[in-house]
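There are 2 protein chains.
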Amino acid sequence: MSTAEPTIVTRPLRADAIRNRAKVLEAARAAFAEHGAEAQMEDVARRAGVGVGTVYRHFPTKQALAEALIEERFDRTIAFVRDLLDEEPDPWRAIERCFEYCAATQERDRAWAAVLALMAGGTGVMGPREHQMRQLLALEEQMIGRARAAGVVRQDLTATDMPALFCALASVVQAGGRNWRRYLDLLLDGLRPQG
Amino acid sequence: MSTAEPTIVTRPLRADAIRNRAKVLEAARAAFAEHGAEAQMEDVARRAGVGVGTVYRHFPTKQALAEALIEERFDRTIAFVRDLLDEEPDPWRAIERCFEYCAATQERDRAWAAVLALMAGGTGVMGPREHQMRQLLALEEQMIGRARAAGVVRQDLTATDMPALFCALASVVQAGGRNWRRYLDLLLDGLRPQG
DNA sequence: ACCTGAACACCGTTCAAGT
DNA sequence: ACCTGAACACCGTTCAAGT
């Protein structure tokens with residue numbers, strides 16, 4: 016039972032540092048959701064009511080700050096898919112709802128959409144999130160397995176197809192705003208059993 | 016017979032200005048293909064063997080320079096699709112080759128992929144290329160029309176579906192490097208007549 | 001131990017001086 | 001009329017001084 020990251024021994028943070036860290040994350044959520052990758056560190060600091068130096072004390076680079084937010088999103092997505100496997104009896108509908116959830120969250124969070132639009136490669140952006148990525152893929156493997164067993168998706172569909180599909184959907188959502196539904200319909204039809 | 020842009024009366028350029036403009040474009044092609052949107056103006060100037068000021072004299076902003084390159088790509092793509100309509104007798108194969116051409120060019124040109132990955136919205140990035148976009152869509156309308164008539168694509172497919180599909184493909188190519196083929200297969204199957 | 005914000009670095013853009 | 005490159009602006013990042 017080990018995570019991918021090396022274990023770093025850290026003393027507990029001082030009370031004010033804990034508060035500041037939370038304020039920075041809260042401010043960053045708003046700034047990145049609104050402006051995507053163009054969000055500015057100075058703006059994050061202002062929204063949080065701290066100096067820029069404090070932002071950098073908690074997160075060494077803008078990239079690192081963005082990744083902390085991405086990590087939260089990943090966890091929520093993993094939780095959502097896990098619930099879906101429990102609650103949704105229709106195996107096809109589960110897949111559909113999974114994509115719809117992704118599109119809907121991306122619509123409200125430009126940073127999340129931008130990251131997903133670049134993740135399919137596995138290289139670069141996704142390196143640090145590899146552990147979560149594996150968790151998510153394992154859940155999707157189950158989801159797809161059920162659908163295959165029920166004969167509602169093409170037999171050659173696997174979880175390894177999913178990153179590219181989420182990547183594709185993300186860029187459509189990011190670019191097109193609210194009319195991603197039609198694209199999603201075409202995408203989903205490509206996953207159906209093929210004549 | 017009018018283009019979208021207002022007519023601007025320009026005296027002919029001086030001979031050295033013509034040469035410099037060409038050198039800048041040439042240098043920009045290399046720089047943007049290699050680095051995408053992160054290409055640097057200083058680097059373009061250096062590759063062209065001119066001062067930065069000269070780059071700015073011919074193209075008012077980095078964005079404008081990038082757009083000039085995009086315009087070239089658009090023209091080549093339009094020419095390619097036009098030829099395809101003449102040369103490719105199989106209506107399904109024409110659609111397939113159109114997507115393959117897009118993916119292949121995007122693989123060699125990061126800037127082109129980046130722009131396409133953001134174009135589906137019609138807003139923003141595509142504004143200045145609206146005229147070319149319309150030309151391209153008109154050709155795709157023909158391409159899809161033939162395919163519909165031959166019954167090899169779903170009857171509800173239209174040219175207006177294409178921008179989102181190219182956008183999606185672009186982000187997969189941009190992110191995933193060389194394994195876009197599988198994604199394209201799923202995409203194409205979504206365009207087939209649906210049972 | 002943590003915070004602050006002025007200072008530094010980098011890159012897009014401008015403009016005074018040159019041909 | 002066009003070219004050049006030093007100077008300016010903006011934003012990510014650092015660090016000396018403060019509590």
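From first to last, the protein sequence lines stand for chains F and L.
All residue numbers for the first sequence refer to the numbering used here, where the first residue is 16 and numbers rise by one.
All residue numbers for the second sequence refer to the numbering used here, where the first residue is 16 and numbers rise by one.
Even glycine gets a Cβ: it sits at the ideal position worked out from N, Cα and C.
The structure displayed is predicted, hence computed values, not measured ones.
Can you pull the chain F neighbours of residue i, defined as C-beta to C-beta under 9 Å?
i: residue 197(L); result: 175, 176, 179
i: residue 168(L); result: What residue 168(L) touches in chain F: nothing, since even the nearest Cβ is about 11 Å away.
i: residue 79(L); result: What residue 79(L) touches in chain F: nothing, since even the nearest Cβ is about 19 Å away.
i: residue 129(L); result: Here the premise fails: no neighbours, minimum Cβ distance about 10 Å.
List, in order along the chain, the chain F residues whose C-beta lies closer than 8 Å to that of residue i?
i: residue 96(L); result: Per Cβ cutoff of 8 Å: no residues; residue 96(L) is ~20 Å from chain F at best.
i: residue 154(L); result: Chain F residues near residue 154(L): none, gap ~20 Å exceeds 8 Å.
i: residue 68(L); result: Ordered by position in chain F, no residue passes the 8 Å Cβ test against residue 68(L), which lies about 27 Å from the chain.
Select from the options the residue whose C-alpha is nearest the C-alpha of residue i.
i: residue 175(F); options: 161(F), 58(F), 156(F); result: 156(F)
i: residue 57(L); options: 66(L), 50(L), 51(L), 49(L); result: 66(L)
i: residue 144(L); options: 125(L), 82(L), 100(L), 112(L); result: 82(L)
i: residue 70(L); options: 172(L), 119(L), 40(L), 209(L); result: 40(L)
i: residue 35(F); options: 103(F), 63(F), 191(F); result: 63(F)
i: residue 32(F); options: 72(F), 53(F), 164(F); result: 72(F)
i: residue 205(L); options: 194(L), 105(L), 170(L); result: 170(L)
i: residue 129(F); options: 98(F), 90(F), 51(F), 197(F); result: 51(F)
i: residue 189(L); options: 102(F), 194(F), 182(F); result: 182(F)
i: residue 127(F); options: 208(F), 48(F), 30(F), 29(F); result: 48(F)
i: residue 96(L); options: 61(L), 60(L), 80(L), 148(L); result: 148(L)
i: residue 42(L); options: 84(L), 172(L), 91(L); result: 84(L)
i: residue 207(L); options: 187(L), 151(L), 122(L), 106(L); result: 106(L)
i: residue 282(L); options: 98(L), 124(L), 123(L), 163(L); result: Outside the modelled stretch of chain L, which goes from 16 to 210, sits residue 282(L), for which no answer is possible.
i: residue 44(F); options: 68(F), 80(F), 74(F); result: 80(F)
i: residue 9(F); options: 25(F), 173(F), 68(F); result: Since the first and last residues shown for chain F are 16 and 210, residue 9(F) lies out of range.
i: residue 163(F); options: 197(F), 120(F), 108(F), 191(F); result: 108(F)
i: residue 103(F); options: 68(F), 161(F), 191(F), 150(F); result: 161(F)
Assuming residue i and residue j make a contact with CB atoms under 8 Å, what is their CB distance in whole Å?
i: residue 46(F); j: residue 132(F); result: Actually they are not in contact, since the Cβ atoms of residue 46(F) and residue 132(F) sit about 19 Å apart, beyond 8 Å.
i: residue 159(L); j: residue 167(L); result: That pair is no contact at about 10 Å.
i: residue 154(F); j: residue 202(F); result: Contact flag wrong, Cβ pair sits at about 19 Å.
i: residue 119(L); j: residue 199(L); result: Their Cβ separation, rounded to whole angstroms, is 11 Å, which puts residue 119(L) and residue 199(L) out of contact at 8 Å.
DSSP three-state label for residue i, please.
i: residue 195(L); result: coil
i: residue 106(L); result: helix
i: residue 101(F); result: helix
i: residue 132(F); result: coil
i: residue 121(L); result: helix
i: residue 90(L); result: helix
i: residue 151(F); result: helix
i: residue 17(L); result: In this prediction, residue 17(L) scores a pLDDT of 39, lower than 50, which makes its location untrustworthy; the coordinate-derived value is nonetheless stated afterwards. Residue state, collapsed to three classes: coil.
i: residue 173(F); result: coil
i: residue 7(F); result: In the structure displayed, chain F extends from 16 to 210; residue 7(F) sits before or after that span and is not available.
i: residue 65(L); result: coil
Just to make sure I have the definition right: I need the residues of chain L whose C-beta is within less than 8 Å of the C-beta of residue i. Which are they?
i: residue 209(F); result: 204, 207
i: residue 100(F); result: Under the 8 Å cutoff, chain L gives no residues; its nearest Cβ is about 22 Å from residue 100(F).
i: residue 151(F); result: Neighbours of residue 151(F) on chain L: none; closest Cβ ~16 Å, over 8 Å.
i: residue 84(F); result: Per Cβ cutoff of 8 Å: no residues; residue 84(F) is ~19 Å from chain L at best.
If the cut is a Cβ gap below 7 Å, which residues of chain F does residue i touch?
i: residue 187(L); result: 135, 179, 182, 183
Exposed or buried, which one is residue i when buried takes at least 16 other CB atoms within 10 Å?
i: residue 179(F); result: buried
i: residue 136(F); result: Residue confidence for residue 136(F) is low, a pLDDT of 42 falling below 50, so the modelled location carries little weight; the figure read from the coordinates is stated next. It is buried - the Cβ of residue 136(F) has at least 16 other Cβ atoms within 10 Å.
i: residue 125(L); result: buried
i: residue 54(L); result: buried
i: residue 210(F); result: exposed
i: residue 68(F); result: exposed
i: residue 151(L); result: buried
i: residue 88(F); result: buried
Residue i touches chain L at which residues, Cβ-Cβ below 9 Å?
i: residue 51(F); result: Near residue 51(F) there are no residues of chain L at all, since even the closest Cβ is about 11 Å away, more than 9 Å.
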